[in-house]
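*Asks:*
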Amino acid sequence: MYIIMLGAPGSGKGTIGNELCDNYGLTHIATGDIFRNEIKNQTDLGKKASEYISKGQLVPDEITVSMVESNIKEIDDVLLDGFPRTIEQAEALKVFCAENNKRIVSVINLNVPDEDIVTRTSSRVTCPNKECGASFNTVFMPPKVEGKCDRCGTELVKRPDDNPDTIRERLKTYHDETEPLIDFYKKEELLENIDINIYDENVKEKTTKSAIERINNRVND
Ligand code: ADP
Ligand code: ZN
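So the number in the numbering used here is just where the residue sits in the sequence shown, counting from 1, plus 538.
1. From the DSSP output, which residues share a beta bridge with Met679?
2. Starting from Glu730, trace the beta strand (DSSP E) both ways and give me its first and last residue.
3. DSSP three-state call for Glu693: helix, strand or coil?
4. Check whether the Cβ of Ala672 lies closer than 7 angstroms to any heavy atom of the ligand ADP, and answer yes or no.
5. At a cut of 8 angstroms, does the region 549-558 reach the region 617-634 through at least three beta carbon pairs?
6. Go through the region 607-649 residue by residue and report every complete run of the alpha helix (DSSP H) that reaches 4 residues or more, in order.
7. Excluding sequence positions up to five away, which residues of its chain have a Cβ less than 8 angstroms from the Cβ of Lys585?
8. Expressed to the nearest angstrom, what Euclidean distance is found between the alpha-carbon atoms of Gly552 and Ala546?
9. Are there any heavy atoms of the ligand ADP lying less than 7 angstroms away from the beta-carbon of Gln595, as far as the coordinates show?
10. Going by CA-CA distance only, name the one from Glu739, Leu728, Asn579 that's closest to Ala749.
11. Identify, in the order they occur along the chain, each residue of the same chain with its Cβ nearer than 6 angstroms to the Cβ of Asp615, setting aside the five sequence neighbours on each side.
12. Using DSSP with H/G/I as helix, E/B as strand and the rest coil, what is Val663?
13. Can you tell me whether Tyr737 is helix, strand or coil according to DSSP?
14. Nearest-angstrom Cα distance between Gln580 and Arg708?
15. Please say whether Leu596 and Ile720 have beta carbons closer to each other than 8 angstroms?
16. Starting from the C-beta of Tyr723, find all residues in its chain whose C-beta is less than 8 angstroms away, skip the five residues before and the five after it, and write them out in chain order.
17. Identify, in the order they occur along the chain, each residue of the same chain with its Cβ nearer than 7 angstroms to the Cβ of Thr676, setting aside the five sequence neighbours on each side.
18. Report the option in Arg574, Asn667, Ala630 whose CA atom is closest to the CA atom of Glu600.
19. List the residues that DSSP assigns as beta-bridge partners of Met490.
20. How far does the beta strand (DSSP E) with Thr565 in it reach, from first residue to last?
21. Classify Lys686 as helix, strand or coil using the three-state DSSP reduction.
22. Gly671 and Asp571 - do their beta-carbons sit closer together than 8 angstroms?
23. Do Thr553 and the ligand ZN come close, with the Cβ less than 7 angstroms from some heavy atom?
24. Less than 6 angstroms between C-beta atoms, sequence neighbours within five positions excluded: which residues of the same chain meet that for Pro681?
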């Protein structure tokens with residue numbers, strides 16, 4: 539099965555996605571993490587992607603789609619975090635699923651107001667270990683040991699694109715190019731919308747519980 543995480547940058551796709559992966563035994567495919575790893579290894583793909591990522595723009599569809607398809611081809615149960623991000627990517631994924639006998643079970647949309655996105659993303663720290671990629675927040679969700687990843691112990695870093703100017707650019711990109719997917723997946727009858735209150739200290743547990751309930755209802759359908 540495929541589960542898709544949808545939502546603005548910093549809405550919690552990676553954090554909730556990790557919980558869903560643990561619960562359902564899914565493989566976490568995060569396009570941003572794949573790009574960052576390519577950038578770190580200075581590959582051709584990484585060099586191309588970094589031009590867009592540093593400006594808060596999307597990497598072009600043809601590059602992104604073929605990269606995702608080659609990553610998920612051999613895997614049955616996948617959580618997609620950060621893909622699709624455009625209607626064109628969603629159409630490509632639909633064709634890929636039909637051709638490869640895969641089923642998108644649900645699209646979980648995390649709905650966070652823009653002001654809260656800027657607040658939360660500015661204080662985000664992430665795990666650079668490519669097997670992990672967990673996110674924490676120095677204000678809202680601090681790691682148990684300061685500066686260290688709860689999941690794997692790696693030293694946490696601040697992403698270069700998590701600065702207020704680039705965040706605002708990414709939010710604009712989100713509204714222009716990704717938000718239309720909410721309607722796309724509503725029409726496909728796959729959308730589950732969850733409103734997020736970042737000031738609720740139990741938000742991670744509540745959101746995870748709600749996502750699992752909704753996915754279970756669909757799996758049992
Ligand atoms: P966030 O959800 O916090 O914005 P990601 O780690 O998912 O961060 O993505 C970081 C950057 O990688 C994006 O701003 C974009 O430039 C690029 N990117 C990630 N996924 C895609 C995608 N599906 N299509 C195009 N670009 C992408
Ligand atoms: Zn980690």
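For every residue, glycine included, the Cβ atom is placed at its ideal position computed from N, Cα and C.
*Replies:* Per the coordinate set shown:
1. Asn675
2. It spans 729-733 - the beta strand (DSSP E) in which Glu730 sits, taken as one unbroken run.
3. strand
4. no
5. yes
6. Complete alpha helix (DSSP H) runs here, min 4: 625-638.
7. Ile577
8. Gly552 and Ala546 have their alpha carbons spaced roughly 11 angstroms apart.
9. yes
10. Leu728
11. Met539, Leu564
12. strand
13. coil
14. Rounded to whole angstroms, the separation of the alpha carbons of Arg708 and Gln580 is 23 angstroms.
15. For Ile720 and Leu596, no; Cβs fall outside 8 angstroms.
16. Ile542, Leu544, Ala628, Val645, Asn647, Leu729
17. Ser661, Val663
18. Ala630
19. There is simply no residue 490 to check, as the chain begins at 539 and stops at 759 in what is shown.
20. 565-568
21. strand
22. yes
23. no
24. Phe674, Asp688
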